[in-house]
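Chains as they are written, first to last, in full-length UniProt numbering: chain Y, 1 to 253; chain V, 1 to 262; chain R, 1 to 254; chain C, 1 to 327. To start, the structure under review is shown below, and the notes come after it.
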Amino acid sequence: MKRLFLHPAAVLLAALLAWQIVALVKTTPLFPGPLDVAGALWDDGPRLIREIGHTLRRAVAGFALAALTMIPLGLAMGRIRALGFVGEPLVAMLATLPPPATVPVVMLFAGTGDLAKILVIAYAAAIPLVINAAEAARNLHPMLGLVGRSLGLTRLETLRLIALPSALPMLAVAARMAASAALLVSITSEMLLSTNGIGNYLQREQENFRLDAGLAGIVLISVVGLILNRLIAASERRWLGWHYQSRTAETQA
Amino acid sequence: MTALLEAGGLAKVFPGRPDPVEILRDISFAVAPEEFVSIVGPSGCGKTTLLMCLAGLLPPSSGWVRFRGQPVTDPPRGVSVVFQDYSRSLLPWKSARENVTLGMRRLGLGRAAARDRAEALLAEVGLAGFEGHFPWQLSGGMQQRVAIARALAAESALLLLDEPLAAVDAQTRADLQDLLRGLARKFRQACLLVTHDVDEAVYMADRVLVLSRRPTRILREVPLALGAERDQIDTRERPDYLAARHEILTLIRAARPEGAGA
Amino acid sequence: MTALLRPVLALGLLAALWQAVVWAAVVPERYFPPIATVVQAGMSMIARGQMQQALFDTGSRAILGAIAVNLIGIGLGLAATGAPSLRRILDTVAAILQPVPPAAVVPMAVFALGLGWKLYAFVVVLVTIWPPYLATVSALAATNPVLLSVGRMAGFGPVAMLWHIRLPAAMPEILAGVRYATTIALIAVIVSEMITGRDGIGFLLFQKAFAIRIPEVFALMFAVGLLGSAMGLAVSAVYRGFAGWHLAQRGRAA
Amino acid sequence: MSTLKLTRRRLGASVTAAVLAAILALPAQAEELKKVRFAYLLSDTLLSVFRAKDQGYFAAAGLDVDLIPVQGGPAVIAALASGEADIGYAAPVPPLNARAQGVPVKLFLTLGHEADPDRKYVWLVASKASGVSSLADVKGKKIAINGNGTGCELAWRDHLAAAGLSYDDAEVVVLPFPQQEAALEQGTIDVGCAIQPFYASISANPEIGAKVIARGLLADEKEPVISDSVIGTDAWLSENEDTAKAFAHAVVKARDELLANRALVEEAAVTYLDLTPELAKTLDYSVLKPEVDVKPGEVQRILDALVKAGILKTPLKAADVSIDLKL
């Protein structure tokens with residue numbers, strides 16, 4: 001009984017019910033209830049799907065750009081002392097700059113089109129990737145480095161064959177953070193300068209005081225984020241099975 | 001003489017995919033007070049699992065374990081374990097002294113008394129002067145000495161030793177073997193030593209249990225009468241030592257998974 | 001000493017990179033001014049007392065917010081570890097809220113919460129609470145099983161186990177979450193100030209942009225970087241206090 | 001011993017009295033000045049409000065005006081709707097839009113009117129490089145607005161419609177005012193929507209070679225059109241009409257002083273808006289109409305334009321969305 005009562009779905013349902021009741025009492029368009037939101041979701045459905053397509057396309061592009069450049073850079077920072085010495089505080093400093101604040105600067109170089117947004121997204125995704133890649137490379141067990149040397153691997157081969165795979169679990173964590181950052185910033189950048197995308201939709205509906213539609217957009221973002229998260233978790237299980245299995249094996253031993 | 005530790009019909013099956021994995025099957029034996037028993041078996045035969053069941057750290061699938069006549073469900077007072085993976089069994093955020101004090105929690109000593117006792121024990125295992133060091137500042141052999149001191153700290157009647165010397169060099173290993181035996185005798189403790197090293201099993205023990213391969217059973221019990229005092233050179237040359245060693249090695253070779261040479 | 005040297009070095013490098021971009025003349029200097037002009041703008045803001053005041057306002061909000069939210073996040077993580085049903089609920093809430101950008105929620109939050117400290121607190125909590133919470137939950141769940149066995153042999157109950165074994169072992173990972181959260185707490189405060197602030201760096205960024213004082217906007221951005229670095233150093237000090245063993249252990253291993 | 005006790009008791013009594021006096025004094029002071037929370041977005045037309053506060057004109061009128069800066073017109077409405085502010089300042093479009101969506105706010109003052117030919121607050125400016133020289137050339141070009149549901153959107157829609165084009169013929173980019181100049185210079189956008197002080201800055205930029213293709217909120221401004229608005233919630237306005245009037249009088253007083261003395265305007269722009277003295281020189285601080293109360297006819301013109309532009313879906317009546325204070 002208690003179990004059922006505390007089930008997340010039950011809690012969620014209760015929250016929705018409470019929300020609907022408050023909305024019914026308040027009777028102002030500034031406090032739409034779940035039914036209003038569902039209505040807006042239904043009305044704007046096709047448009048929302050189209051808009052989120054733009055958002056995802058740019059998020060994926062920005063994420064890919066960041067992953068391709070920042071993982072090697074981070075690993076190098078972790079392995080090459082001098083590079084880490086200067087690189088790390090630089091990254092730490094850049095990390096405190098909110099991605100939205102970089103928009104005006106990026107705009108100067110890349111305009112207001114897709115490229116600008118993708119660059120801002122890549123910047124946001126880059127931070128966790130480069131930090132974790134450096135950390136993972138530094139935490140590489142000294143034994144593994146020695147193994148590489150004893151096998152006569154070059155520095156690059158050690159990086160590729162030993163450092164990269166052993167850094168994977170930590171990179172997976174970073175990828176998860178970077179992916180949600182990419183989605184987040186993709187939407188934010190659309191709110192700041194865009195002609196399409198779910199962020200633009202949100203901005204427009206909120207500025208026109210259609211709060212139910214705004215919330216519908218947020219619900220959609222939530223769902224997409226959730227699906228993305230599950231997809232990443234599933235691929236982690238698929239590709240990093242060895243890591244989790246060795247963990248469970250330890251627990252059983 | 002009443003047994004200190006008794007196991008009856010002990011079995012352990014892990015739920016696995018696709019099929020459950022049967023590790024232990026019907027293991028029964030007893031350890032008397034102050035007795036030193038070694039357990040050897042082919043690699044991967046579930047020695048560690050057996051020890052965890054005996055220590056109350058892992059519930060058996062069936063069968064029972066009794067310590068001083070009481071059923072073991074949780075780690076009982078009076079039993080200490082020296083874990084195989086010493087580098088990970090020490091708390092890295094605590095000094096050697098604090099790690100040893102951890103073993104005394106059940107004794108209810110005051111802070112100062114616990115501290116004194118921990119330092120005495122560390123001196124006993126040859127670590128005087130290293131009390132304030134952190135585990136990662138010590139060599140492998142020294143870390144294992146800290147772990148041994150921690151197990152001794154509980155003043156237990158029974159010490160469960162899980163391949164405690166597997167990862168130290170030969171000289172350290174010989175030293176620690178003598179140290180362990182000496183301390184066990186000094187503190188009148190019973191010991192159950194799990195090892196894959198037949199020489200070590202015979203050299204240390206009053207009795208050796210030889211395990212089969214998985215699902216593990218006890219193949220044979222080999223009693224020894226090598227005397228209370230052991231010597232790394234003399235004991236290892238005694239005919240009864242060599243005979244026991246030969247018998248056990250033969251059994252284990254036959255029990256190897258490949259069955260090579262059988 | 002090196003702890004201070006490194007950010008300074010990084011700042012120098014950043015300035016050099018900046019100046020290189022200026023010299024490359026990709027963008028008119030008017031919009032991307034030389035580093036000397038930015039420094040000058042920053043100095044003049046210091047002379048007018050604007051910079052210090054803004055740094056103090058934003059910094060105190062961010063630090064206070066970061067401390068509060070990290071404590072709440074770790075507390076929730078501990079509670080969720082103790083009560084699996086709470087954890088399921090919190091994880092669901094986290095999964096729902098995490099993908100939503102604060103910028104999307106803030107306009108609506110203003111309707112519900114107004115413009116005062118409640119809005120600030122809401123934005124900071126919304127974006128900052130999950131890293132320490134998730135780090136705490138995952139780190140506590142992943143304690144090395146050997147250490148757990150050691151604790152059980154020492155006769156630890158659940159509370160003692162948490163206090164003596166699981167929490168210390170989890171500290172490095174928790175503090176990594178804290179570090180991340182502290183950075184984004186600063187970002188959250190600045191974003192809130194940009195939307196509805198009457199003081200602080202966020203407001204000043206907005207005001208300076210309106211007054212077309214571009215070098216001062218960039219000087220403020222550099223100031224944000226410095227403030228963030230300072231907060232990072234503070235977290236590092238906390239890290240050394242609570243998980244210094246981990247750093248030392250790693251230092252030896254590396 | 002007893003003297004000590006006595007002293008202590010006396011001390012306690014006097015402290016209690018002091019605390020009580022302080023507590024009693026607090027509401028007394030609050031009663032003296034009526035608290036008015038004013039949410040605004042930065043604009044040069046607000047110099048009068050800043051000055052009225054600084055010079056103590058509000059206090060003299062019995063008001064304690066709290067100035068709350070907010071980013072964007074919709075945020076001003078949000079501040080009012082949430083009860084966080086009593087009155088607010090924005091372009092007329094956001095409050096009217098909000099009213100249409102059921103948010104109970106009304107216009108009750110305006111600080112600026114536009115009219116043909118010269119008095120304008122909004123400019124649509126093309127860069128030379130874009131090749132755009134008239135509204136007709138905008139088709140397929142990138143045009144900027146500072147936000148949805150703003151004066152800029154109305155201006156674009158109305159001017160394009162007057163030129164026989166539709167809003168969708170151009171590619172609309174949302175870009176805050178401060179970013180538009182660089183975007184024009186670099187060719188990121190073809191035509192911007194500017195207000196002061198950005199318009200002055202853009203006009204003075206030789207790299208852009210600015211070409212004004214349209215001016216004013218509406219294409220037809222033979223009759224004066226309100227270009228901004230001071231708004232309040234229905235609830236606040238129904239109970240505080242006198243306060244609203246007192247506020248208006250204080251603002252007018254400050255504004256008259258500014259209008260009479262150019263040096264004062266530039267000084268205020270530097271002080272309150274943080275403009276550089278050079279930029280402050282470019283400021284045009286003149287008014288078309290000395291009155292600040294809103295007339296139904298003026299509001300109706302905007303309302304009709306909003307419906308025509310498609311921003312408002314249903315027609316609204318001026319009487320429902322504004323109050324004429326008849327100052």
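From the three backbone atoms N, C-alpha and C, an ideal C-beta is built for every residue, glycine too.
| Asked | Found |
| --- | --- |
| Close-in-space but distant-in-sequence residues of the same chain around R:D57 (CB under 6 Å, 5 per side omitted) | D199, G200 |
| Exposed unless 16 or more other CB atoms sit within 10 angstroms - verdict on C:H159 | buried |
| Residue closest to C:D324, alpha-carbon to alpha-carbon, out of C:L46, C:D304, C:K245 | C:K245 |
| Cβ contact check for the stretch 142–150 of chain C and the stretch 176–190 of chain C: 3 or more pairs under 8 Å | yes |
| Neighbour list for Y:F85 in chain A, Cβ cutoff strictly below 7 Å | Note that chain A does not occur in the displayed structure, where the protein chains are Y, V, R and C. |
| Cβ neighbours of Y:D36 in the same chain (closer than 6 Å, five flanking residues each side left out) | D212 |
| Buried or exposed by the 16-neighbour rule on C-beta atoms within 10 Å, applied to C:G297 | exposed |
| Ordered list of alpha helix (DSSP H) runs contained in the stretch 87–164 of chain Y, each at least 4 residues | 99–110, 114–139, 142–150, 155–158 |
| For C:T188, three-class secondary structure by DSSP | coil |
| Sub-8 Å separation of C:L264 and C:L258 beta-carbons | yes |
| Beta carbon of V:Q177 nearer than 8 Å to that of V:E200 | yes |
| Cβ-based burial, C:A28 [other Cβ within 10 Å; buried from 16] | Summary for C:A28: the model assigns pLDDT 47, below 50, so the residue's position carries little reliability, and this model does not support an answer. |
| Within-8 Å CB hit, C:P315 to chain R | no |
| Proximal residues to V:R68 (C-beta, below 6 Å), its chain only, five neighbours per side dropped | none |
| V:D19 versus V:R214: straight-line alpha-carbon distance, rounded | 14 Å |
| Residue ranges of each alpha helix (DSSP H) within the stretch 184–238 of chain C, 4 or longer | 198–203 |
| Where the stretch 146–177 of chain V meets chain R: residues whose CB sits under 7 Å from a CB there | none |
| Interfacial residues, the stretch 193–225 of chain Y to chain C, with Cβ spacing under 9 Å | L193, S194, T195, N200, Q203, R204, E205, Q206, E207, N208, F209, R210, L211 |
| C:A30 versus Y:P32: straight-line alpha-carbon distance, rounded | Here the model assigns C:A30 a pLDDT of 49, short of 50, so the residue's position is not dependable, and the following value carries that caveat. So the alpha carbons of these two residues sit roughly 36 Å apart. |
| Selected residue, minimal CA-CA separation from V:I23, among V:L51, V:E34, V:A32, V:A147 | V:L51 |
| Residue interval of the alpha helix (DSSP H) (run including C:C152) | 151–162 |
| Within chain R, partners of V:D197 - CB distance below 9 Å | Those do not exist, as V:D197 stays about 21 Å from chain R at its closest Cβ, beyond 9 Å. |
| For R:E173, the three-state DSSP class (helix, strand or coil) | helix |
| 8 Å Cβ cutoff met for C:A154 and C:L306 | According to the sequence displayed, residue 154 of chain C carries Leu and not Ala. For C:L154 and C:L306, yes; Cβs fall inside 8 Å. |
| Test item: CB-CB of Y:L129 and Y:G74 under 8 Å | yes |
| Interface partners of Y:M93 on chain R, CB under 8 Å | P7, A10, L11, L14, G225, L226, G228, S229 |
| Beta carbon proximity, R:I212 to chain C, threshold 8 Å | yes |
| Proximal chain C residues relative to Y:T188, where beta-carbon distance stays under 9 Å | By Cβ distance, chain C contributes nothing, its closest Cβ being about 13 Å from Y:T188, past 9 Å. |
| Short-range partners of chain C found in the stretch 99–131 of chain Y, where Cβ spacing is below 7 Å | P104, M107, L108, G111, T112 |
| Simplified DSSP assignment, three categories, for C:Y40 | strand |
| Beta-carbon spacing of V:G103, V:A151 below 8 Å | yes |
| Three-state secondary structure (DSSP) of C:D256 | helix |
| Contact list for the stretch 274–305 of chain C against chain R, Cβ threshold 8 Å | D274, L275, T276, L279 |
| Closer than 8 Å to chain C by CB, R:R198 | yes |
| Same chain, Cβ closer than 6 Å to Y:L56, five either side skipped, listed in chain order | none |
| Buried versus exposed, by CB contacts within 10 Å (16 or more), C:L218 | buried |
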